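Engineer:
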Amino acid sequence: MGIRHTTEGMTLQRLRWCSGIAIILWITVLLLSLAWNIQSQKRQTLALAQKEAVASMERDIAVRNWLAKRGGIYIHADKGIAPNEFLQHPQRDLAVNGIALTMVNPAYFLRTLMEDPILQSSVRSRIVSTTPIRPENTADSWESYALEQFHRGEPVAFQLVREEGGRHLRGMQPLITSDSCMNCHTEQAFEPGNVGGGISIILDMAPFLAAQNRNISLIALSHVILGSLGLLGITFMYRHSASGLRQVEHAITALRNNEEQLEKRVEDETRQRRKNEELLVHQSRMATMGKMIAVIGHQWKQPLNVLAILVQDLPEAFRHGEVNQQYLDTAATQAMEQIDFMASTIDDFRNFFDPGKQMETFSVNGAISLALKLIQAQLTHNNIQVNLDSQCECSARGHKNEFQQVILNVLVNARDAIYERRCQNPDHHGLAGIIDIRVSCDDGTASVQICDNGTGIAADIAERIFDPYFSTKPGEGSGIGLWMAKSIMEESMGGSIRLEPDRQEGACFTLCFPVV
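Under this note's numbering, the residues of the sequence shown are numbered 781 to 1296, in order.
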């Protein structure tokens, strides 16, 4: 009985350890999520500020170009606009019907708008150059650096700065010299098509940062609420499970004190434990997120066993004096090999489920091999052999991940069909599953044929298997797998998928698509 108490104590201790690990992992995930969301919000804030800055600079450039094409405009000289002392033009000042007019060139017009107090906003802008006519338009050090970048082909320049008034975004776009510009800039040796200067702006970041801080506060609050709910859930599950374990311990104590009712109580306890085990299995199934998690489990099972053996061997080796540098190096090398394999598995699944929708040219054999790699552990576990006969090496144009999903979908259906055949007929319990994959090319078209020795597909439903929500596994399948495969092959790959008729054993699907 002492052993039973020790076992129960170890189980409760393991439950506490697992709960602690779950809390640490939960908090770590929340902190990582919070950090990612904060950085994403900051990037969005900067992008919005840059977008507004570009819009302001493009507006100023558009006004300048419009005036430059029309040679400037004349404005009443007595309406608060003084003649431009830096404009050397024979018709700068005119008198029409007794009204004094002065020519306003594009640069002077923009400067007047920028300095008008009525039009002041959070964006301050000016025209700058390294060789300006007006000394006040001389570029500072950062603007000079930006002009050098424009000469090298850069379209725009930005810099975040912190000044006494707060944080600001400096931006600059080039002003390209046109033929109309030469009327006022002949002495500066500008040539049409070259960078003559730039529009420089300073954008107040205060409104953007205020909105950013509000959003970050909401993000932090949501993470706090989510974290609290998660911790409450973990705490509830721990208390519920601990309560069950304590009840088991009390039941064992009661069985020891009453031998006459031992058999009945053991039966009751066994029955109760079976119910608890069924509940745990059910909870485990409900917690599974997708069929492919099971594939990862198969891929990781062997390396985890190796790592467990290495860890368990350390105390024994230490007690026997076997721990030395060579032993540690060997153990570390073996452990890292298993860890690298596990990391490679995660990378394969992450790449496989990459949501990118960009068309690409990919190797057909390589895509099939990767799909096989993802499900190979399950196929091996179910005694299913895959024979890959590649008669050509070809490439296709489309979405690689979607093509792999089609291959994986057909392979999973073949696996289920083989398993179903074993279950339907006791004589086939030991049936060796076989999946044949044949890749061939002919006249610019590739053909991938996948055949199995499973239950096959009845002729009366063969025409409906590609219909949405039609499943040959009522109560289990979603009925959209083959429909999705057909849509991918026709819409993304420009090809087709069909079920080969008149098969005596199993089912055979053929994928046809153009090659590049």
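Using N, Cα and C, we set each Cβ at its ideal position, and we do this for glycine too.
Computed from a predicted structure; not experimentally measured.
Mind checking K831: buried by the 16 CB within 10 Å criterion, or exposed?
Structural biologist: So K831 counts as exposed.
Engineer: Any idea what DSSP makes of I1260, helix, strand or coil?
Structural biologist: DSSP places I1260 in coil when its eight states are reduced to three.
Engineer: Please report the Cβ distance between I907 and R932, rounded to the nearest whole angstrom; I am assuming they are in contact, meaning their Cβ atoms lie under 8 Å.
Structural biologist: With a Cβ gap of about 21 Å, I907 and R932 do not count as contacting.
Engineer: Report yes if the CB atom of A1000 is closer than 8 Å to the CB atom of L814, and no otherwise.
Structural biologist: Cβ atoms of A1000 and L814: closer than 8 Å.
Engineer: Take C1174 and list the residues in its own chain whose beta-carbon comes closer than 6 Å to its own, dropping the five residues that flank it on each side.
Structural biologist: Counting only Cβ-Cβ distances below 6 Å, and skipping sequence neighbours, we find V1144, C1221, A1226, V1295.
Engineer: What is the residue span of the beta strand (DSSP E) that Q868 lies within?
Structural biologist: Neither: Q868 is in no beta strand (DSSP E) and is coded neither H nor E.
Engineer: Pull the bridge partners of R891 from the DSSP assignment, please.
Structural biologist: Its beta-bridge partners do not exist; DSSP assigns none.
Engineer: So L874 packs on H856, CB below 8 Å; how close in whole Å?
Structural biologist: Rounded, the Cβ-Cβ distance is 11 Å, inconsistent with contact.
Engineer: Does DSSP put C1288 in a helix, a strand or coil?
Structural biologist: Strand, per DSSP.
Engineer: Should the stretch 998 to 1013 be called in touch with the stretch 794 to 814, which here means at least 3 C-beta pairs below 8 Å?
Structural biologist: The answer is yes - the stretch 794 to 814 touches the stretch 998 to 1013, with three or more Cβ pairs under 8 Å.
Engineer: Would a C-beta distance cut-off of 8 Å place I1245 and T1252 closer than the cut-off?
Structural biologist: In this structure, T1252 lies closer than 8 Å to I1245 by Cβ.
Engineer: Going by DSSP in three states, C1174 sits in which element: helix, strand or coil?
Structural biologist: Three-state result, C1174: coil.
Engineer: What's the C-alpha gap between I1198 and E1280?
Structural biologist: Going from the Cα of I1198 to the Cα of E1280 covers about 18 Å.
Engineer: Give me the Cα-Cα distance between H1062 and D1048, rounded to the nearest whole angstrom.
Structural biologist: No answer about H1062 holds up, because its pLDDT of 39 lies below 50 and its placement is not dependable.
Engineer: For the putative contact between A1022 and L792, defined by C-beta atoms under 8 Å, what is the C-beta separation to the nearest angstrom?
Structural biologist: Between L792 and A1022 the Cβ distance is about 6 Å, and since that is below 8 Å, they are a contact.
Engineer: Using the Cβ count rule (16 or more neighbours within 10 Å means buried), how would you classify A1287?
Structural biologist: Counting Cβ neighbours within 10 Å, A1287 comes out buried, since at least 16 surround it.
Engineer: Just confirm the distance between the C-beta atoms of I1217 and N1167, as a whole number of angstroms; I'd bet it's less than 8 Å.
Structural biologist: With 8 Å as the limit, I1217 and N1167 qualify as a contact, their Cβ atoms being about 7 Å apart.
Engineer: Can you grab the Cα-Cα spacing for the pair D1299 / F1289, in whole Å?
Structural biologist: Absent from the model: residue 1299. The displayed extent of the chain is 781 to 1296, so no value can be given.
Engineer: Short check: CB of R1177 to CB of T1141, under 8 Å?
Structural biologist: Yes, Cβ-Cβ distance for R1177 and T1141 is below 8 Å.
Engineer: Below 8 Å, how does it come out for the stretch 832 to 842 and the stretch 1033 to 1041: are there three or more Cβ pairs, yes or no?
Structural biologist: No, because fewer than three Cβ pairs between the stretch 832 to 842 and the stretch 1033 to 1041 fall closer than 8 Å, the two stretches do not touch.
Engineer: By the three-class DSSP mapping on this structure, what secondary structure does D984 have?
Structural biologist: Note: D984 maps to strand in three-state DSSP.
Engineer: Could you check whether the Cβ of G977 sits closer than 7 Å to any heavy atom belonging to the ligand FAD?
Structural biologist: Of ligands this structure carries none, so the ligand FAD is not represented either.
Engineer: So if DSSP puts G951 in a beta bridge, which residue, or which two residues, is it bridged to?
Structural biologist: Its beta-bridge partners are F938, I981.
Engineer: Excluding the 5 residues preceding and the 5 following L983 in the sequence, name in chain order all residues of the same chain whose CB lies nearer than 7 Å to its CB.
Structural biologist: Hits under 7 Å: A829, E832, A833, S902, V903, H948, L949, G951.
Engineer: Can you give the Cα-Cα distance for P1248 and C1172, rounded to whole angstroms?
Structural biologist: Going from the Cα of P1248 to the Cα of C1172 covers about 33 Å.
Engineer: Taking the alpha-carbon positions, what's the F744 to D1240 distance?
Structural biologist: Outside the displayed span of the chain (781 to 1296) sits residue 744, for which this structure offers no information.
Engineer: With 16 other CB atoms within 10 Å as the buried threshold, where does A827 fall?
Structural biologist: It counts as exposed.
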